[in-house]
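Take a look at the structure below.
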Amino acid sequence: MMSRTVKKSTWKNTVFLQDLEDIKTLKTSNGPNIQVWGSSQLIQLLLENGLVDELHLRVFPVILGEGKKLFKDGTIATAFTLTESKVTSKGVIIAYYQRAGGVRTGTIGVE
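Be aware that the sequence shown starts at 4, since it is given in the working numbering, and climbs by one per residue.
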């Protein structure tokens with residue numbers, strides 16, 4: 004767990020990560036996947052350090068005019084392959100991507 008405000012937890016088997024090196028150690032260990040829910044700053048840190056293997060994106064058909072960027076300056080260019088997608092009855096696009104290595108430029112492949 005990473006938190007700027009919470010310093011201890013009553014949850015069983017909870018370990019607090021302190022920095023990027025702790026994340027790298029956890030990523031290379033045997034265990035379940037690392038998941039991030041609702042922390043745009045942590046996502047940015049992982050993207051900037053090439054530590055994202057999979058993306059689950061939800062694209063909502065709403066323009067708010069401002070907000071946080073998903074991909075900021077400093078993000079390492081990385082290719083992802085679409086592994087699954089669906090569109091809900093409300094027009095939300097749900098897309099799952101796996102890391103595919105370096106970026107290859109070319110066409111967008113519209114058929």
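Note that the Cβ used here is the ideal one computed from N, Cα and C, for glycine as well.
Could I get the ranges of all uninterrupted beta strand (DSSP E) runs contained in the stretch 45 to 112, with 3 residues as the minimum, in chain order?
-> Correct list: 57 to 62, 82 to 90 and 96 to 104.
For Lys10, does the three-state DSSP call read helix, strand or coil?
-> Position 7 of the sequence shown, counting from 1, holds the residue named residue 10. Looking at Lys10 - three-state DSSP - the assignment turns out to be coil, as it is neither helix nor strand.
Please name the residue in Val55, Val95 and Gln44 whose C-alpha comes closest to that of Lys27.
-> Taking the sequence shown and counting its residues from 1, one reaches residue 27 at position 24. Of Val55, Val95 and Gln44, the residue nearest in Cα terms is Val55.
Relative to the C-alpha of Leu20, which residue among Leu45, Gly41 and Asn33 is closest?
-> Residue mapping note: residue 20 aligns to position 17 of the sequence shown, counting from 1. Ranking the options by Cα distance to Leu20, first place goes to Leu45.
C-alpha distance - Lys15 paired with Gly112, whole-angstrom precision | To locate residue 15, count along the sequence shown from 1; it is residue 12. To locate residue 112, count along the sequence shown from 1; it is residue 109. Rounded to whole angstroms, Lys15 to Gly112 spans 48 Å at the Cα level.
Rounded C-alpha distance that separates Pro93 from Lys30 = Sequence index remark: in the sequence shown, residue 93 carries index 90 (1-based). Sequence index remark: in the sequence shown, residue 30 carries index 27 (1-based). For the record, residue 93 in the displayed sequence is Lys; it is not Pro. Each residue's Cα considered, the two are about 36 Å apart.
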